[in-house]
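Written below as C-alpha cells is the structure these notes are about.
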Amino acid sequence: MTAGLRSASTAVKTRRYLDEIPIEEFYSVDVAPGIPFWICGGIQDNNAWCGPSSEYNRGAVTGSDWFIVAGGDGQYAVPAPSDPKIIYADSQNGFIERYNRMTGRSHFIVPTYSGFMNTHTLSRQ
Numbered sequence: 001m002t003a004g005l006r007s008a009s010t011a012v013k014t015r016r017y018l019d020e021i022p023i024e025e026f027y028s029v030d031v032a033p034g035i036p037f038w039i040c041g042g043i044q045d046n047n048a049w050c051g052p053s054s055e056y057n058r059g060a061v062t063g064s065d066w067f068i069v070a071g072g073d074g075q076y077a078v079p080a081p082s083d084p085k086i087i088y089a090d091s092q093n094g095f096i097e098r099y100n101r102m103t104g105r106s107h108f109i110v111p112t113y114s115g116f117m118n119t120h121t122l123s124r125q
C-alpha cells in the first residue's frame, strides 16, 4: 500500500480509499538550514519533495507549500550544504537530478567521459 490509507470491511466486500488523510511513506528525510528550514525527502512511489518547516505568513503548512524536486520513486532529496537553494535528488534506477529552488528548474546529472574508458576491472591476483 502506498500514498494514503485504505479501509476494507471484515468480509472484504467493500474497500474505501481514505484520501482525506495526507499520509506518505518517506524513504529518507534531510533538512536545509534557514528560517523556515526546509524539509526534503523521497516518497515511496510518489517523487521526491521539499517543503517548509513552518509558514509565517499564513499560519499552518499545507500540502500546497510542498513541491516536487524529482520524479519517479523518490528515494533521497538532499539540499546542497554550500547552497540550500540547490537540491540533489534521486529516484529508482540511479537517476540523479539537480533542482534549483529559485528557478524551479531541474536537470539530470549524467557523468561524462573524455578519452578511453575501460569497462572491465582486472585483478592482479
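Going by the UniProt record's numbering, 6 is the number at position 6 of the sequence shown; the sequence numbering is gapless. Positions of the beta carbon are idealized from the N, C-alpha and C atoms, including for glycine.
Span separating the alpha-carbon of residue i from that of residue j
i    : j    : result
V61  : N46  : 19 Å
Q75  : I87  : 13 Å
P111 : E97  : 12 Å
D90  : T103 : 19 Å
P81  : A32  : 8 Å
P36  : P84  : 12 Å
H107 : A70  : 9 Å
N- and C-terminal bounds of the beta strand (DSSP E) containing residue i
i   : result
V78 : 76 to 80
N46 : Careful: N46 lies outside any beta strand (DSSP E) and carries neither H nor E.
Distance CB(residue i)-CB(residue j) smaller than 9 Å
i   : j   : result
G51 : D30 : no
Q44 : F67 : no
G42 : A77 : yes
Residues bridged to residue i (per DSSP)
i   : result
G59 : E55
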